[in-house]
Every structure is written in structure tokens, then in C-alpha cells.
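Student: The structure follows.
There are 2 protein chains.
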Amino acid sequence: MTTTPVRIGLLGCGNVGAAFVQLVERRHDEIANRHQIDLQITRVAVRNLSRERAVDLDEAVLTHDADAVVHDPDIDLVVEVIGGIEPARHLTLSALKAGKPVISANKELLANLGAEIYEAAGDAGVDILFEAAVAGGIPLIRPLRESLAGEDIRRVVGIVNGTTNYVLSRMAEEHVSFGEALAEAQELGYAERDPTADVEGFDASAKAAIIASIAFGVQVVAGDVYREGIAELTPGDLSFAARLGYVVKLLAIAERFDTPDGAEVAVRVHPAMVPEHHPLAAVRESFNAVFVEGAAVGDLMFYGRGAGGDPTASAVLGDVIDAALNLTNGRASRLSRLSEATIRPIDDLRSEYYINMDLADRPGALATVAGVFGDHGVSIRAMEQEGMGAEARLVFITHGAVESAVQSTLAAVRDLEVVDRVGSVLRVVGGDDS
Amino acid sequence: MTTTPVRIGLLGCGNVGAAFVQLVERRHDEIANRHQIDLQITRVAVRNLSRERAVDLDEAVLTHDADAVVHDPDIDLVVEVIGGIEPARHLTLSALKAGKPVISANKELLANLGAEIYEAAGDAGVDILFEAAVAGGIPLIRPLRESLAGEDIRRVVGIVNGTTNYVLSRMAEEHVSFGEALAEAQELGYAERDPTADVEGFDASAKAAIIASIAFGVQVVAGDVYREGIAELTPGDLSFAARLGYVVKLLAIAERFDTPDGAEVAVRVHPAMVPEHHPLAAVRESFNAVFVEGAAVGDLMFYGRGAGGDPTASAVLGDVIDAALNLTNGRASRLSRLSEATIRPIDDLRSEYYINMDLADRPGALATVAGVFGDHGVSIRAMEQEGMGAEARLVFITHGAVESAVQSTLAAVRDLEVVDRVGSVLRVVGGDDS
Ligand SMILES: NC(=O)c1ccc[n+]([C@@H]2O[C@H](COP(=O)([O-])OP(=O)(O)OC[C@H]3O[C@@H](n4cnc5c(N)ncnc54)[C@H](OP(=O)(O)O)[C@@H]3O)[C@@H](O)[C@H]2O)c1
Ligand SMILES: NC(=O)c1ccc[n+]([C@@H]2O[C@H](COP(=O)([O-])OP(=O)(O)OC[C@H]3O[C@@H](n4cnc5c(N)ncnc54)[C@H](OP(=O)(O)O)[C@@H]3O)[C@@H](O)[C@H]2O)c1
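In order, the protein sequences belong to chains X and G. Each residue of the first sequence is one higher than the last, beginning at 923 in our numbering. Each residue of the second sequence is one higher than the last, beginning at 923 in our numbering.
Okay, here's the thing in C-alpha cells:
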């Protein structure tokens, strides 16, 4: 059997990079056999040459000069698993300009500077593949780009951050506080020492921007994404949601609306109540899942491990094989052109809302609050009083209402003398009206 | 903008074919815009020219001569949605030999004569794509082939027949009999007038064979698949399973085992008990889902509509765009070579088992039965008596045991005087030991 050698330059050898080296070692012969390519990890760039690593690499292979790897004529293909904007950006651009396909796991780079990267790949006629950048090991980018190439995708709703899903699962199932669940996630290595990127929804926003670009073929950057985190949620919110038949998840939502003036796109990340029978409700622990709603195909969901060295390396390897086969055939995967997007602001979006508030124990208090909702055109679907007397807490679920109307309702309600405090406000997603 | 015309010859215009015609009409301009191809449905072959159809087709387009469509020099690409073995087989082979890519939704053909079809495509260097043949609209074949090209896939477990999943969901949730649930499915158009292919697992077996071929790169045909249907199941079995924390599903299971003599593959279709927290347990109504277990990627699941004109047409369209783009670039998607498979027979497989039986109300009866299990090396994990006196019913769950040992245990148990009847025997799939 003749195989074609494909010489890989690996940029970064941390969690994902080291797992990739090991995976290529384990799968090399089977891949040679099935696909007739001989994958060789020829050079590996890291920051710190003397660091202890999970993999044994020859001294001749390791370097701290990532630029030299990219420009090495003996390198056919580049895998970028350094992360962050620079030096990842210029390394990626240099490799593409040199006609070398790049496999990237870098959501930050793609979510902020995707258009520049895709353009460079298009100009050079080489592959930029990044299955690993969104939802780790779950095949999502390729299905969206290829399997659903003809589909009219209306909405994508994803649980794309494993850390927050773990935290919310523990809060809901074990009734622990946000802080306790987070500490547990940190102990298990699911959450970073500084959890801000996960907890405040920045990580999910970057992924949401990439998903929106691929699903709708438009330019969306992380800064276009409306964002709320989960730090304010209490176990009480979660158990109350459960009693109403909902599960609380941090969702990344990308929607497309047709208007007389062309398509608008809305992209947002926030905690939301998902009906318990919705497939996303069953996604527990640190798993990820992405739910896709298409006009013809109906509802689809892709589920699996959104992070971790091995799952992410598996996605990188799938892309590497694809690019390597393209390379041996002198071709590149298609990139569809991204058009400019009109971003619809969160203020204009419709949702059902769950709202709770502490109310003074006074006759007519409830009627006063309900009146304010009515004045703002927000119609109430259900209302329930929890507890009695000074502990009384009122919970509302609205019918579909526009965000701006709900926000002005809340502002007015907060000013009422009978309202002690407005607690959590959660949008309902995946219900009949949402 | 310049677009390349791609002239499609459509073979068959029933559920899927008519939905495909409508979908191409709706999506034509967007596809032209995004992918620079101009999809034209140039000719359509049907059996009965005068039949009323869901779509308006020009008389000049319709023909009953499918061979003429395939050989028409004005046709670039063939979509086969006739179904069955002949004439689909020779039409597909003729098209491929003429250098025309074929998009097929035909599970029966591919599950029985896949090797011949793939070889013809390989020889001609043109595409044979069949995303629609397994699990309808769910992207599965492309992710398995491409995204997971480097992955060591150990097992694929699928709910791939919507009719039986609907029937089992109704039986479990509404406590109706198999017959009532089936009648309801027929009324709703989920089940055929003759439900044998669905209910007895033939449809799922064909899909299981295709899944095994693609996931493991080996030749598996429908006849290699061990098969049991769901007609014997009672609502009692399902509620009992529920009380134990399980949901009963008809599963298609493809497994791969490494042995000193090379890989063995086992493929089977049978009802099974799935733990209630397993993602497959949440797949309700007529939805399909395919769960993939990989060594590096971990657990993945693909969920969606496994049938229906529109979802299936969406999968066909994705393949058509792929093939059309390949065609305009003078290339074909890769087909990995299928090696010969050693099929491991069901007798050699290990599972946990759920077994129920009616027992005589006599001292020592239980000990006698338990003794027979022990004699055959089948160890009991849990045992429970349901009901009292003459109504007594005994339920066993075993530890992991080999099928042949369980079958000889059951044969011996049936011969016992104290056993009135052995009821359902269900394997447990997706538990810690299975
Ligand atoms: N971890 C996951 O589960 C996961 C999942 C999906 C996507 N990703 C993405 O994958 C990428 C890598 O993540 P990771 O978790 O593997 O990160 P990591 O463990 O921090 O590894 C980063 C690697 O890059 C190297 N590096 C840093 N600066 C460099 C420079 N200037 N030149 C050469 N090498 C440099 C580091 O070298 P030293 O080892 O010498 O410090 C390290 O080996 C990120 O984009 C991340 O978002 C990660
Ligand atoms: N329906 C689904 O949900 C689904 C899902 C996945 C895969 N599939 C697969 O898709 C294929 C088509 O299914 P379907 O439900 O669309 O079947 P269908 O409704 O029975 O349509 C079959 C079509 O083939 C035509 N036909 C039959 N024999 C022909 C011949 N000798 N020459 C030319 N045309 C002929 C029929 O013509 P007339 O209209 O004149 O009778 C009809 O238009 C099958 O392989 C099926 O397994 C279906």
C-alpha cells in the first residue's frame, strides 16, 4: 500500500496539543490503512521548552519558534492549538498565505477575526477548518456547512459551555448554591481558577458568534452577542423552575428573521428556562448539545463532549484528515461567502418571561403589580404566590412579549412601594411560544 | 454572479421525491447565491404518469422511462428515490458507470448490495451519497465518514425507526397495548398498512447494516444483522421497566471488538431496556437518534426526524449540493475502502438481561429457579416478586452474561414444573455493564 506523507506543524502542546500527539500515535496505522495518508508530527512549537509534558517529544521536534514552524518548507499543514488572538492570528494568516491548510481550535480568534481568516484562506485556496472551536468533539461545523447546506436554518440553540452546564446541573439536582457548585467544578478541573470567561458567558458568546456565521452565512463577531451570565441564579430559582416543568440552562441562541429589507440575525447568551421535555433539558453534567431548527429538516440535536483534551483532539484529527486528503488531491473544502449581517438588538426580541419578586403583605399589592404589567402591554400567562405573609413571593410567567416592554415593566415595578425586590428574570426558550 | 447549471435527473416522485422538488424550488436562489450553482430538475421519472402529485411538473419533464433519464446526456446528476432493489440497482449502476453522481435514499439497496454500488462509484470516480438512507434528515453518514474519520468508534446504538419508537412511547406513556398504539400510528400516517418491516425490525436492520459499514469500514449486509421485533411487548413490561428506572426502546446496535485475529463486528436489532438517564431514553414519539461511542471523543448523539418527506428531502438536498460542487470542480468525495468483516454471532455477546416469569405458588419455587441460573453461570443482580399467590410473577435482572448461557438457562427454566410461563426477555443496553 502506498501512503502519502503529510507533515504536520503543531503550534501549542497543552491540553489539546498533547492529546492530539497521542491520538495521532494511536491511530496512525489505521488512518494510513483507511485513507492512504501517513500523518507525521514533524515540528511542535511551545512557549516553554523545559516544561514537563504528557507526551514524549524528540528534542529535534520541539521548538519555541512558532514562526519557523509555519515557514518551514517541510511542513505541509498547520494545527493551531495555542489559543488567544496573538500570536495565533499572524501565525494562522502566515500559514494560509504560504498555502498551508490550518486546523484551528481557537474560538477566540475565529469569533473576533473570522472574516479576515476566512478571506485569507479563500484567497490562498486552502483549508481553514475549525470543528474543535465550537462544542469540542461534537461534529457541528461540518454538518451545518455541508449536510445542511441547502436547509433554511431558522434558529440554533446550544448548551456550549460545559462548566456552566455542570454548575447548573449540580445546583438543580443537589440543591447547592452557585458558589458551592462552582467550587466543585473547579476541583474536578471543569472550571478554571478564574471562572469569569465561563460563568459570565464570554466563552459561550464566542461560540455563538461562530455558530451564527456558519449557520446563516453572515459575519457575526463576539461583540455582536448579547450576554448574561449565571452568577445571580439561586437554587430557589432552579427548584421553582422545576416545579413549573422547566430546567434552567445557559443557552447560546442564534436566530434569523426575514424582513422586507433582508435578513436580520440575533445572537444572545443568557440563562433560560427550557421545558422539561425539550431534548436540551436532558443534557446534564458537563455535556454540550446544539439544537438546530430548520424549515424542512425540523428539529435536530447534536450532543457530546464540548471540551477536554481527547474529545477536542478527535475533532482536530477529523479536520486534519480532511485537509490532508484535500491536499493530496490539490483541492480545498468549500467556504461559503459570508455576507454582512444586520444584527437585531435584544430589545426587539420576543420571549416568554419568568419573573419573581418579593411583595409587601398588603391588600391590593398583587393587583397593583398586575396593573403595571398590563399598562406595558405584557400579558401574564400564569401567576403564583409562594409562601405567606412577610415571606410572600410572587412568580409570573408572561405570554410572548418584547424585551423592551418587559424591561420597562420591570423598571416601573421596581419603583412600586409594594415591591420589596425583583429577583430573577429568566426567558423561556423552546416552549410553544418561544 | 455566475452560477454553474447542474441538471438533475430525479428517479421517483413520491413522498421524498415530491418534497425534494418543492424544496429545490424554495431554496434555489439562496443556493445559487451561497454556492454558485443553479440546480435544475430537468427530468423526473415515475411509474404512473397520470397520478395526481403534490407538485406541478411540466409534461415535458415527466417520463416513465427511468433508463432514458439516466442515459440522457443533458443530465449531470441522478437522485434515486424509487426504493427497493430493482430497477433501483441497475439505474444506480448505469448512472455511476456513465460518470454521473448518484444521491440515494435507498436503504434496502445499500444494505444488501452496498459493496457493489460503492465499487462502481469508486471505479467511475464519482459520488455515491446517501445521507437520507439512514435516519432521514439527521446528519449521520457524513459526520461518521468525515468528522470521525480518525476516531476509534467502538459502538453505535441507534433508535432508527420512528414508527416503533412512536408505538413504544405511546405504550409507555399512555399504557395502551401494542395493537392500540400501532393502530394510532397507522392513523397518523407513521406506520404503513402492512407494518411488518417496521415492527419486526427489518427496516432498522437495513439501517444498522449501513451504519456498521460506515462506522467500522467493513462490509456488513442486512442478512448479517440479528433481529427481534417489538410485537410481543406488553404495557406491563414497559411499566415494570419504568419502575426499575429504564425505558424500553427498539435499538439498532453495531459493535466492534478487537481480537488477536483482527476485528469482529456484531450488529443486532432488538428491543432493550435503556437506563432513564441515558440520552437515548429521552428520545420520544417518532424521533430518531443515534448514539456513538468513540475511544477519544467519548459519547456523541445525533437526534432528529428519521423520516418524512421534508426532512428526508433536506438530507438529499445537502448531498446534491455536495455532489454538484464536486462535479463543478471535477472531483468526488472520498469513499474509504470496506474490508471484509468477521461477524460475531449474537450467541457470543454479553448483556445484562431482564427476565420475567410466572411462578407456581409453592415453597422453594424461587430457590429452584435461582439454582438453574447459577448452574448456567448466569449471576443474578436483582430479583423481585410482583403480586401474590397464583398471580405471583418473578422478575430478574442479571449481571453481564453471555447470550448462549442465558438462552440455555431459559430453556432449562421453561422445563421446570414450578414455572408456568417465561414472559419477556429484554437485554439492558447503556448501563454500567453494557
Ligand atoms: N482544552 C479544551 O478542552 C479545549 C476545547 C476546545 C477548544 N480549545 C481551544 O484549544 C486551544 C488550546 O487550548 P488548550 O486547553 O490546549 O491550552 P493550553 O493547555 O493552555 O495550551 C496552550 C499551548 O500553547 C503553547 N503556547 C503559548 N504561547 C505560545 C507561543 N507564543 N508560541 C508557541 N507556543 C505557545 C503553550 O506552551 P507551553 O506548554 O510551553 O506553555 C501550550 O503548549 C485554545 O484555543 C482553546 O480555546 C480547548
Ligand atoms: N418516506 C420517507 O420518510 C423516507 C425516509 C428515508 C428514506 N426513504 C427512502 O426513499 C425512497 C423513496 O421513498 P418514498 O417514501 O418517497 O416512496 P414512494 O412515495 O413510494 O415513491 C416512490 C416513487 O418511485 C416511483 N417509481 C416506482 N417504480 C418506478 C419505476 N420503475 N420507474 C420510475 N419510477 C418509479 C413511484 O412512481 P408513482 O408515483 O408513479 O407511483 C413514486 O413516485 C425509498 O428508498 C425509501 O426507503 C423514505
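Even glycine gets a Cβ: it sits at the ideal position worked out from N, Cα and C.
According to the neighbour-count rule (16 or more other Cβ atoms, all chains shown, within 10 Å of its Cβ), is G:His-986 buried or exposed?
Tutor: Position 64 of the second sequence, counted from the first residue, corresponds to residue 986 of chain G. It is exposed - the Cβ of G:His-986 has fewer than 16 other Cβ atoms within 10 Å.
Student: Check the Cβ of X:Asp-1337 against every Cβ in chain G and list those closer than 9 Å, keeping chain order.
Tutor: Locating residue 1337 of chain X in the first sequence gives position 415, counting from the first residue. Simply none; closest approach about 43 Å.
Student: Within this structure, are the beta carbons of X:Val-1189 and X:Val-1147 separated by less than 9 Å?
Tutor: On the first sequence, position 267 is the one that residue 1189 of chain X refers to. On the first sequence, position 225 is the one that residue 1147 of chain X refers to. Yes, the Cβ-Cβ distance between X:Val-1189 and X:Val-1147 is below 9 Å.
Student: Given this structure, state the Cα-to-Cα distance separating G:Pro-1065 from X:Leu-1070, to the nearest angstrom.
Tutor: Working through the second sequence from its first residue, we reach residue 1065 of chain G at position 143. Working through the first sequence from its first residue, we reach residue 1070 of chain X at position 148. A direct Cα-to-Cα measurement between G:Pro-1065 and X:Leu-1070 gives close to 12 Å.
Student: Is there at least one Cβ from chain G nearer than 9 Å to X:Asp-1221's Cβ?
Tutor: Indexing the first sequence from 1 puts residue 1221 of chain X at position 299. At least one chain G Cβ lies under 9 Å of X:Asp-1221.
Student: Starting from the Cα of X:Thr-1156, find the closest Cα among X:Leu-1051, X:Arg-1092, X:Asp-1180 and X:Gly-1006 and give me that residue.
Tutor: For the purposes of this step, residue 1156 of chain X is taken as the residue at position 234 of the first sequence. Nearest C-alpha to X:Thr-1156: X:Arg-1092.
Student: Bridge partners of X:Asp-1280, per DSSP?
Tutor: Within the first sequence, the letter at position 358 stands for residue 1280 of chain X. X:Asp-1280 is bridged to X:Arg-1315 and X:Arg-1343.
Student: Threshold first: 4 residues or longer. Then list the alpha helix (DSSP H) segments lying entirely within the region 1110–1142 of chain G, N to C.
Tutor: 1118–1121 and 1124–1138
Student: In its own chain, which residues sit with a C-beta less than 7 Å from the C-beta of X:Ile-1063, not counting the 5 before and 5 after it?
Tutor: For this step, residue 1063 of chain X is matched to residue 141 along the first sequence. Counting only Cβ-Cβ distances below 7 Å, and skipping sequence neighbours, we find Phe-1052, Glu-1053, Val-1056 and Ile-1136.
Student: Would you call the CB atoms of G:Ile-953 and X:Gly-1072 closer than 9 Å?
Tutor: Position 31 of the second sequence, counting from 1, holds the residue named residue 953 of chain G. Position 150 of the first sequence, counting from 1, holds the residue named residue 1072 of chain X. Yes, the pair counts as a contact, with Cβ atoms nearer than the cut-off.
Student: For X:Ile-1019, list the residues DSSP reports as bridge partners.
Tutor: For this step, residue 1019 of chain X is matched to residue 97 along the first sequence. The question names Ile, yet the displayed sequence has Lys at residue 1019 of chain X. Per DSSP, none; premise fails for X:Lys-1019.
Student: Spell out whether any CB of chain X is found under 9 Å from the CB atom of G:Phe-1224.
Tutor: Taking the second sequence and counting its residues from 1, one reaches residue 1224 of chain G at position 302. Taking Cβ atoms only, chain X reaches closer than 9 Å to G:Phe-1224, which makes this a yes.
Student: Quick test of your reading: G:Arg-1315 and G:Glu-1274, contact by CB under 8 Å. State the CB separation rounded to the nearest angstrom.
Tutor: If you number the second sequence from 1, residue 1315 of chain G lands on position 393. If you number the second sequence from 1, residue 1274 of chain G lands on position 352. Not really, about 19 Å apart at Cβ, beyond 8 Å.
Student: Please say whether G:Ile-1004 and G:Leu-1013 have beta carbons closer to each other than 9 Å?
Tutor: Numbered from 1 along the second sequence, position 91 holds the residue referred to as residue 1013 of chain G. Numbered from 1 along the second sequence, position 82 holds the residue referred to as residue 1004 of chain G. Closer than 9 Å, so yes.
Student: In this structure, does DSSP put G:Val-1089 in helix, strand or coil?
Tutor: Within the second sequence, the letter at position 167 stands for residue 1089 of chain G. G:Val-1089 carries a helical assignment under DSSP once its states are collapsed to helix, strand and coil.
Student: Mind listing the chain X neighbours of G:Ala-1055? Cutoff is C-beta to C-beta under 9 Å, in chain order.
Tutor: Counting from one through the second sequence, the residue named residue 1055 of chain G turns up at place 133. The contacting residues do not exist; G:Ala-1055 stays about 13 Å from chain X at best.
Student: How would you list, in chain order, the residues of chain G whose beta-carbon sits under 8 Å from the beta-carbon of X:Leu-1070?
Tutor: In the first sequence, the residue the question calls residue 1070 of chain X occupies position 148. Here the neighbours are Pro-1061, Ser-1236 and Gly-1240.
Student: Here's a check: name, in chain order, each residue in its chain whose Cβ is nearer than 7 Å to the Cβ of X:Ala-1128, leaving out the five neighbours to either side.
Tutor: Translated into positions along the first sequence, residue 1128 of chain X becomes position 206. So the qualifying residues of the chain are Lys-1029, Glu-1030, Ala-1033 and Ala-1144.
Student: Can you find at least 3 beta carbon pairs, one from the region 1246–1255 of chain G and one from the region 955–962 of chain G, that sit closer than 8 Å?
Tutor: yes
Student: For chain X, find out if any of its Cβ atoms is closer than 9 Å to the Cβ of G:Asn-1278; answer yes or no.
Tutor: Residue 1278 of chain G sits at position 356 when you count from the first residue of the second sequence. No, because no Cβ of chain X sits closer than 9 Å to the Cβ of G:Asn-1278.
Student: Can you pull the chain X neighbours of G:Arg-929, defined as C-beta to C-beta under 9 Å?
Tutor: Along the second sequence, one-based indexing puts residue 929 of chain G at 7. Those do not exist, as G:Arg-929 stays about 17 Å from chain X at its closest Cβ, beyond 9 Å.
Student: Secondary structure at X:Gln-944, three-state DSSP: helix, strand or coil?
Tutor: Residue mapping note: residue 944 of chain X aligns to position 22 of the first sequence, counting from 1. Of the three classes helix, strand and coil, the one that applies to X:Gln-944 here is helix, per DSSP.
Student: Using CA atoms only, rank isn't needed, just tell me which of G:Ile-1175, G:Asp-989 and G:Gly-1286 is closest to G:Arg-1272.
Tutor: Residue mapping note: residue 1272 of chain G aligns to position 350 of the second sequence, counting from 1. It is G:Ile-1175 whose Cα lies nearest to the Cα of G:Arg-1272.
Student: For G:Gln-962, list the residues DSSP reports as bridge partners.
Tutor: Stepping through the second sequence from its first residue, residue 962 of chain G is reached at position 40. Partner(s): G:Arg-929.
Student: Give the interface partners of G:Leu-945 over in chain X, defined as CB-CB distance under 8 Å, in chain order.
Tutor: Here residue 945 of chain G refers to the residue found at position 23 of the second sequence. Here the neighbours are Gly-1072 and Ala-1218.
Student: Roughly how many angstroms lie between the CA atoms of G:Leu-1288 and G:Glu-1008, to the nearest whole one?
Tutor: As a position in the second sequence, residue 1288 of chain G is number 366, starting the count at 1. As a position in the second sequence, residue 1008 of chain G is number 86, starting the count at 1. Near 55 Å, if we compare the C-alpha coordinates of G:Glu-1008 and G:Leu-1288.
Student: So, does the CB of G:Pro-1285 fall closer than 9 Å to a CB anywhere in chain X?
Tutor: By 1-based counting over the second sequence, the position of residue 1285 of chain G is 363. Not one beta carbon of chain X lies nearer than 9 Å to the beta carbon of G:Pro-1285.
Student: Where G:Phe-1209 and G:Ser-1261 are concerned, what is the direct C-alpha to C-alpha distance, given to the nearest angstrom?
Tutor: Translated into positions along the second sequence, residue 1209 of chain G becomes position 287. Translated into positions along the second sequence, residue 1261 of chain G becomes position 339. Rounded to whole angstroms, G:Phe-1209 to G:Ser-1261 spans 32 Å at the Cα level.
Student: Please name the residue in G:Arg-1165, G:Asp-1125, G:Glu-1177 and G:Ala-1119 whose C-alpha comes closest to that of G:Val-1140.
Tutor: Walking along the second sequence from the start, residue 1140 of chain G turns up at place 218. Taking only the C-alpha atoms, the option nearest G:Val-1140 is G:Glu-1177.
Student: Which bits of chain G does X:Ala-1204 rub up against, with CB to CB less than 7 Å?
Tutor: In the first sequence, the residue the question calls residue 1204 of chain X occupies position 282. Chain G residues near X:Ala-1204: Pro-1201 and Ala-1204.
Student: Helix, strand or coil: which one does DSSP assign to G:Phe-1100?
Tutor: Taking the first residue of the second sequence as position 1, residue 1100 of chain G is located at position 178. G:Phe-1100 falls in the helix class under three-state DSSP.
Student: For G:Ala-1185, report the span of its beta strand (DSSP E) as first-last.
Tutor: As a first step, residue 1185 of chain G is located in the second sequence; it is residue number 263 there, counting from the start. Unbroken beta strand (DSSP E) run through G:Ala-1185: 1184–1197.
Student: Could you give the distance in angstroms between the alpha-carbon of G:Gly-1084 and the alpha-carbon of G:Ala-1046?
Tutor: Numbered from 1 along the second sequence, position 162 holds the residue referred to as residue 1084 of chain G. Numbered from 1 along the second sequence, position 124 holds the residue referred to as residue 1046 of chain G. Distance between the alpha carbons of G:Gly-1084 and G:Ala-1046 is about 35 Å.
Student: In angstroms with no decimal places, state the Cα-to-Cα distance between X:Val-1205 and X:Ala-982.
Tutor: Your numbering for residue 1205 of chain X matches position 283 in the first sequence. Your numbering for residue 982 of chain X matches position 60 in the first sequence. Their backbone Cα atoms lie some 44 Å apart in a straight line.
Student: Does the distance from the C-beta atom of X:Ala-1123 to that of X:Ile-1081 stay below 9 Å?
Tutor: On the first sequence, residue 1123 of chain X is found 201 positions in, with the first residue counted as 1. On the first sequence, residue 1081 of chain X is found 159 positions in, with the first residue counted as 1. In the sequence as displayed, the identity of residue 1123 of chain X is Gly instead of Ala. Against a cut-off of 9 Å, the Cβ pair of X:Ile-1081 and X:Gly-1123 comes out as no contact.
Student: Look up G:Asp-1159 in the DSSP assignment and say whether it is helix, strand or coil.
Tutor: Looking up residue 1159 of chain G in the second sequence gives position 237. Correct three-state label for G:Asp-1159: helix.
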